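Below is one structure, written out as structure tokens, with a few remarks after it.
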């Protein structure tokens, strides 16, 4: 049995297929972990979601910001960006069952025996493991309810909730959780999430910003965090226990697959001018 972790797919389904062929992925034996953002910029979002849905227990998925945005688009709270190539997905005959499946996916996944946690963007440095579980599970409970659109999705589009303060309401805690686990990159000196700078630290001209993974953490010391979301750093964290897997395939770079047991990374370059199957 092998555990494979893949970076942001963003609808680049052909590249994912080639990566899995390189390692002879077998769903009857292996597990595929995805750091979120299954959909968006690439033309194969429908195929990607159908594939992961079909894997059932052989896939471990977390929601990314683009996946949550898809819920809002399908719920007619937001309009799709034409650059996201979602028309085929939204018009699919099985879109309702796909959305229902997506709503069941959590914001974090654990592999306790390996002391490993996966989220889309990272974990706030001031959160203990119990806090992560409680806050993320609270969001999942809402997403799985019938009124998830009005109870949560309609309210999540804000940059104002950038700190986990004691006075936050339950809804505000859920919004902060989404912001932190699916959108976080830098944290300010005052402990707030920064939503403006996406560049790597050497190109971000703000002395008060620190990448979240460079700050001391309240998780158990040896825990590894696997995440995506931040293509600009191209997998570089300079931290052995912080594994960044988004390497910008949808932006013309490459997709990264990490094999846990051998600690090896396998890559697949973005295909040029190839229509997704």
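Numbering (full-length UniProt numbering), first residue to last: 1 to 277. The beta carbon of each residue, even a glycine, is placed where N, CA and C say it ideally should be. Remember, predicted model here, so these are calculated numbers, not experimental data.
**Distance between residue 263 and residue 58 (C-alpha atoms, nearest Å)** = 20 angstroms
**Asked** Among 157, 158, 176, which has the Cα closest to the Cα of residue 166?
**Response** 176
**Asked** Once you ignore the five residues that flank residue 103 on each side, which residues in its own chain have a CB closer than 8 angstroms to its CB?
**Response** The beta carbon of residue 103 lies closer than 8 angstroms to those of 71, 143, 144, 148 in the same chain, with the five residues before and after it left out.
**Message:** Here's the rule I'm using: 16 or more other beta-carbon atoms within 10 Å means buried, otherwise exposed. How should residue 60 be labelled?
**Reply:** buried
**Prompt:** Between the beta-carbon of residue 11 and the beta-carbon of residue 41, is there less than 8 angstroms?
**Reply:** The Cβ atoms of residue 11 and residue 41 sit closer than 8 angstroms to each other.
**Message:** Check whether the segment 118-131 and the segment 210-225 are in contact - that is, three or more C-beta pairs closer than 8 angstroms.
**Reply:** yes
**Request:** Leaving aside the five residues before and after residue 269 along the sequence, list all residues of the same chain whose C-beta is less than 7 angstroms from its C-beta, in chain order.
**Result:** 254.
**Message:** Per the DSSP calculation, residue 31 is bridged to which residue(s)?
**Reply:** 3
**Request:** Quick one: measure Cβ to Cβ for residue 32 and residue 67, integer angstroms, because I've assumed they're closer than 8 angstroms.
**Result:** Residue 67 and residue 32 do not touch by the CB rule: their CB atoms are close to 16 angstroms apart, not below 8 angstroms.
**Asked** In terms of alpha-carbon separation, which member of 189, 243, 156 lies closest to residue 77?
**Response** Selected option, being the one with the closest Cα: 156.
**Cβ neighbour criterion (16 or more within 10 Å) applied to residue 118** = buried
**Request:** List the DSSP bridge partners of residue 116.
**Result:** 111, 224
**Prompt:** Starting from residue 139 and walking both ways along the alpha helix (DSSP H), at which residues does that stretch end?
**Reply:** Start and end: 129-143.
**Asked** Cβ of residue 120 within 8 angstroms of Cβ of residue 7?
**Response** no
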